[in-house]
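Residue numbers (my numbering): 4 to 276.
Note that beta-carbon positions come from the ideal geometry of N, C-alpha and C, so glycine has one too.
What follows is one structure encoded as structure tokens, with my remarks underneath.
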Ligand code: MN
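Right under this line is the structure:
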């Protein structure tokens, strides 16, 4: 396993993504990357076993426990992918813009609860939970916090590739009813919007007209609420911008094969075993 699949899918002379390298030691970071590929999706990655274990989440992680988010496990990524933000050029695997949407640390949660509450588990427990397809963990990110589970689905859907999991928020103090990930289009790394990362002029103007106080909000829930308000105010601008992008993309969407994880395949590479 390791990073062979990651390597096989990419041409490192063309993509700015980091080369495959398995680390000897594992930290305990996580990252959520917003990825505007064939279809917009979010990649959730946990640092584990010297790599980033990765899931493509079409609707993105949610803080609402009633959301059960489909999460397709994809190839392991190198740990250095942790802060990758930028543009994967056309014709390459996963072509499109990547934003670092959230970063932080994570802890595995022990299967054994104490007084009805989850408590931190060991690295060995995490490996066992991953293998079993029922991984419970606690996130301490800038935006995502609290207890979650990733649960593997077993032979439920016809044509299932066996890589489908559900990402579910547990009920705790960090749960937010009606959580809307799309309301927050801002990198935790650079402060850029998706449009800015893609180098879109319209988006740059849109960003500069925002209230400057936004970045100073410490509480995540408050920042999120303000972001949602910002989003409402700017809806008309965003709609105009979307019209433009959709138009320019229609052509290539029609001819390229779609991948369930939302990645465009690099056609020349896709045929390789
Ligand atoms: Mn992706």
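Report task. Pull up the DSSP beta-bridge partners for residue 108, would you. Result -> 32 and 143
Query raised in the report: Between the C-alpha atoms of residue 161 and residue 20, what's the straight-line distance to the nearest angstrom?
Result: 34 Å
Report task. Could you tell me whether any non-hydrogen atom of the ligand MN is closer than 6 Å to the CB of residue 174? Result -> no
Report task. Output the distance between the C-alpha atoms of residue 264 and residue 130, rounded to the nearest integer angstrom. Result -> 23 Å
Requested in this report: Consult DSSP for residue 246 and reduce its assignment to one of helix, strand or coil.
Outcome: Legend: pLDDT at residue 246 = 49, less than 50; position of this residue unreliable, value from coordinates given subsequently. Residue 246: helix per DSSP, three-state reduction.
Query - Three CB pairs or more closer than 8 Å across the region 180-196 and the region 59-74 - result: yes
Requested in this report: Give the straight-line distance between the Cα atoms of residue 15 and residue 115, rounded to the nearest whole angstrom.
Outcome: 44 Å
Requested in this report: Check each candidate in 149, 91 and 105 and name the one with the smallest Cα separation from residue 202.
Outcome: 91
Query raised in the report: Are residue 79 and residue 54 close, meaning C-beta to C-beta below 7 Å?
Result: yes
Query raised in the report: Beta carbon of residue 95, beta carbon of residue 18: below 7 Å?
Result: yes
Query raised in the report: Between residue 51 and residue 31, what straight-line distance do the alpha-carbon atoms span, to the nearest angstrom?
Result: 7 Å
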